[in-house]
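Everything below concerns the one structure shown next.
Residue numbers (the numbering used here), protein chains in the order written: chain A, 3 to 457; chain B, 174 to 584.
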């Protein structure tokens with residue numbers, strides 16, 4: 003039996019009306035109507051059984067595959083001999099995977115020659131990716147609409163008060179003060195103001211800025227959030243009024259959640275998305291794991307031999323877009339790894355990703371061939387020395403470079419303590435080379451990686 | 174309350190009838206006192222609506238409400254009137270129509286039959302707007318209930334064998350009786366949807382016995398749109414609070430509590446062309462306690478019945494004469510109110526209030542239309558009266574029968 007659905011906080015009572023004299027219920031603009039129409043469907047579809055969701059996905063998949071076969075050179079041959087009208091998921095999982103390199107090199111071949119006019123304006127974008135290898139991609143007004151509608155779903159899932167103040171500290175924005183939250187929220191709802199700050203600002207500057215603006219919600223990169231939480235704890239600074247922190251773009255660890263709770267008594271809500279794919283998975287409103295956005299894409303988690311991972315197993319993520327008719331991406335290996343979760347007790351039929359691990363290059367390889375995503379809580383460093391930032395780089399199987407930012411060099415005792423703590427975390431007695439640096443640069447995607455393997 | 178304020182701000186600005194003190198003063202009421210002050214505003218009766226005419230029509234409309242649409246009705250209370258609505262109000266009503274489908278979890282892929290006064294359509298793809306605008310629908314067919322006998326309707330339904338049927342309760346009753354006597358077999362029927370008249374518990378039982386199906390009723394009126402929908406859980410009705418403020422008042426004008434009955438006074442929130450503030454259409458309802466379904470929309474136990482509004486025909490059958498479907502303003506513009514009464518010998522008397530006697534030509538027209546509506550000719554006389562007798566709280570019904578009614582039973 004389906005668990006009791008959560009009571010709606012009724013955000014739509016504050017929906018924006020485009021018609022004079024119509025305050026409630028709101029009759030929104032055309033764009034707002036499209037978004038709310040999708041939200042209405044999402045409200046129902048999230049509770050569909052996994053089998054029903056798969057059935058509906060297959061209907062949509064057949065359409066997108068037919069379009070790909072007929073208009074996308076890359077897929078013309080690949081899909082030529084398949085009866086797409088009868089295609090089932092089993093047939094689909096036998097289709098070849100598309101690598102990131104193939105996407106990088108195959109922009110033209112992967113672009114549809116005839117994107118349907120009704121899908122709206124075709125737009126191109128470029129994501130540098132954390133590996134610094136640029137990926138060009140293409141989307142339509144429809145793919146944008148889905149991203150926006152799912153973004154709103156995420157707001158609704160987490161019962162956000164649109165009247166609240168939203169602070170965004172990101173690498174892609176400058177300092178500013180805006181009258182509303184911007185699109186898509188401000189398209190549908192009456193929102194409070196938003197304020198932005200560039201994430202390259204010094205952490206003390208960011209914290210002072212937050213104290214000045216006292217937002218209800220803070221959205222930023224996990225690494226930045228971690229640094230802010232550490233400084234807040236160190237200085238005993240609270241942010242009264244803060245209700246929730248939101249993250250995307252990097253890996254969120256249990257330790258980050260714990261430190262944020264310790265700093266400000268609020269949760270971290272993470273989103274998993276990619277520029278070329280849109281919203282892929284959102285944190286469950288009731289748990290810390292993620293729900294795949296099955297209305298938008300098919301997410302597979304695969305063993306190295308291509309078979310599907312079951313609950314508790316970790317594998318590589320392959321994504322198929324269901325509504326991108328300008329550049330359909332089919333079984334695209336985005337480069338991330340994730341752990342599959344059990345069905346969620348919340349009752350949603352949307353598949354569960356228990357953990358998103360990040361990329362292969364964030365995995366350590368041990369001399370015995372074993373691999374894992376290492377974790378280095380900042381607290382581990384700070385317990386030993388006033389380290390501001392750190393990053394580990396694996397150059398060889400048995401050697402790790404430990405870069406750190408600090409006002410002075412680590413002394414002998416600190417080095418010894420850190421070395422021993424790190425070896426424990428890495429699960430191998432690596433030779434650790436400590437290097438003090440002025441600053442640790444972010445990658446081409448502006449994402450911060452605390453572990454990079456150069457093997 | 175936010176929407177009511179927007180409606181009244183417009184009404185005071187653009188509708189002559191509302192450019193007077195109580196309405197202007199209400200807009201200045203403190204938010205905390207606004208509800209109490211609202212209940213002090215005058216109640217608008219059908220007769221006033223008729224008398225006010227153009228005075229209730231907005232001289233201007235805000236953008237995006239669309240061009241006003243003229244409507245005419247005599248409702249079921251015998252007072253012909255004209256009013257204006259807007260495409261926007263229609264859109265809100267369509268949304269409520271869709272809500273009703275969704276509440277009752279209808280399968281849009283199945284076949285839907287409509288037996289309505291005027292509607293005619295062969296079996297065709299799609300249920301028609303608004304449903305077919307949003308969903309991939311199965312087939313629908315429609316037949317005019319006004320121009321067909323129950324036997325003809327039964328033959329037509331047997332051919333269609335629909336999953337859903339929408340019609341007036343009077344037709345349902347006749348068809349269910351045919352089914353119980355073995356003259357109408359519907360193998361697919363899942364649900365009987367009713368509109369336009371009161372549904373009794375007896376009718377619900379009758380339908381269960383005939384087809385094992387449930388009746389799902391809709392309460393609507395031309396001036397309001399859809400006002401209340403049957404709850405999928407309780408079987409009572411939920412007021413559509415997004416579309417109207419709905420009051421049930423006792424004879425002293427006090428709101429009725431759970432278990433008590435009173436007249437329905439409603440304020441449609443989105444008709445900016447003819448704003449109706451605290452409008453008493455003449456219907457009655459019984460208020461229910463909170464609904465077990467959890468919805469906060471006000472809960473009604475039932476929309477009260479009007480058995481005495483049934484016309485008895487010489488062949489022993491009964492029908493609800495759809496007097497409201499006639500264009501009274503065209504037929505006899507001088508009539509202010511009327512009531513058609515049926516005596517124990519089945520003869521009819523058309524009683525009316527008007528400044529003068531009806532000219533013979535008007536009487537002749539009315540006679541023809543009533544014959545056509547009833548499908549037979551009953552003796553009919555005309556009588557001009559000073560004042561029509563009104564029932565409880567001034568309620569005037571357009572048709573009253575004094576033929577003794579047999580009790581409704583479930584065979």
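Yeah, the Cβ is synthetic: ideal placement off N, Cα and C, and Gly gets one too.
Which residues, in order along the region 183 to 202 of chain B, keep a beta-carbon less than 9 Å from a beta-carbon of chain A?
183
Can you confirm whether residue 20(A), when its beta carbon is compared against all beta carbons of chain E, has any partner nearer than 9 Å?
Reference to chain E is not applicable here, since the protein chains of this structure are A and B.
With a threshold of 8 Å (Cβ to nearest heavy atom), would residue 517(B) be considered close to the ligand MN?
This structure does not include the ligand MN; it has no bound ligands of any sort.
Grab me the residues of residue 284(B)'s own chain with a C-beta within less than 6 Å of its C-beta, minus the 5 sequence neighbours each way, in chain order.
311, 312, 335 and 336
Which term fits residue 164(A), buried or exposed, when burial requires 16 or more other beta carbons within 10 angstroms of its beta carbon?
buried
Beta-carbon gap between residue 434(A) and residue 444(A) smaller than 9 Å
no
Enclosing alpha helix (DSSP H) for residue 266(A) [first to last residue]:
256 to 266
Is residue 73(A) helix, strand or coil when you go by DSSP?
helix
For residue 412(B) versus residue 438(B), is the C-beta spacing smaller than 9 Å?
no
At a CB-CB cut-off below 7 Å, which residues of chain A make contact with residue 443(B)?
24
Taking a cut of 8 Å between CB atoms, which residues from the region 29 to 52 of chain A lie near chain B?
29
The region 135 to 151 of chain A / the region 346 to 359 of chain A touching (three or more Cβ pairs under 8 Å):
no
Own chain residues within Cβ distance below 6 Å of residue 20(A), not counting five before or after:
30 and 31
Starting from residue 235(B), find everything on chain A with Cβ-Cβ shorter than 8 Å and list it in chain order.
21, 22 and 23
Whose CA, out of 430(B), 548(B), 540(B) and 556(B), lies closest to the CA of residue 528(B)?
556(B)
Between residue 308(A) and residue 271(B), what straight-line distance do the alpha-carbon atoms span, to the nearest angstrom?
45 Å
Measure from the alpha carbon of residue 409(B) to the alpha carbon of each residue in 286(B), 390(B) and 360(B), then state which is nearest.
390(B)
Residues bridged to residue 340(A) [DSSP beta-bridge criterion]
317(A) and 358(A)
Within 9 Å of any Cβ in chain B, is that where the Cβ of residue 27(A) sits?
yes
Neighbourhood of residue 240(B) by C-beta, 6 Å cutoff - its chain only, sequence neighbours within 5 removed
none
For residue 408(A), which residues in the same chain have their Cβ closer than 8 Å to its Cβ, ignoring the five residues on either side in sequence?
387, 388, 389, 390 and 438
In whole angstroms, what is the alpha-carbon distance linking residue 301(A) and residue 275(A)?
12 Å
On the three-state DSSP scale, how would you describe residue 196(B)?
helix
Apply the 10 Å Cβ neighbour rule to residue 374(A) and answer buried if 16 or more other Cβ atoms are within range, or exposed otherwise.
exposed
Assign residue 335(A) to one of three DSSP states: helix, strand, or coil.
strand
For residue 114(A), does the count of other Cβ atoms within 10 angstroms reach 16, so buried, or fall short, so exposed?
buried
How long is the line joining the alpha carbons of residue 346(B) and residue 386(B), rounded to whole angstroms?
13 Å
Looking only at C-alpha atoms, which of 404(A), 224(A) and 222(A) sits nearest to residue 383(A)?
404(A)
At 3 residues or longer, and completely inside the region 512 to 571 of chain B: list those beta strand (DSSP E) runs for me, N to C.
521 to 526 and 553 to 557
To the nearest angstrom, how far is it from the Cα of residue 338(B) to the Cα of residue 232(B)?
41 Å
Taking residue 33(A) as the reference, which of 66(A), 51(A) and 191(A) has the closest Cα?
191(A)
Do you know offhand how far residue 582(B)'s Cα is from residue 575(B)'s?
Caution is warranted here: a pLDDT of 34 is assigned to residue 582(B), below 50, making its placement in the model unreliable, and the coordinate value is therefore given only provisionally. Roughly 20 Å separates the two Cα atoms.
So, is residue 28(A) buried or exposed, given that buried needs 16 or more other C-beta atoms within 10 angstroms?
buried
How far does the alpha helix (DSSP H) with residue 158(A) in it extend, from its first residue to its last?
143 to 159
What are the start and end residues of the beta strand (DSSP E) that includes residue 375(B)?
No beta strand (DSSP E) contains residue 375(B), which is instead part of the alpha helix (DSSP H) from 374 to 384.
Residue 26(A) versus residue 63(A) - alpha carbon distance
38 Å
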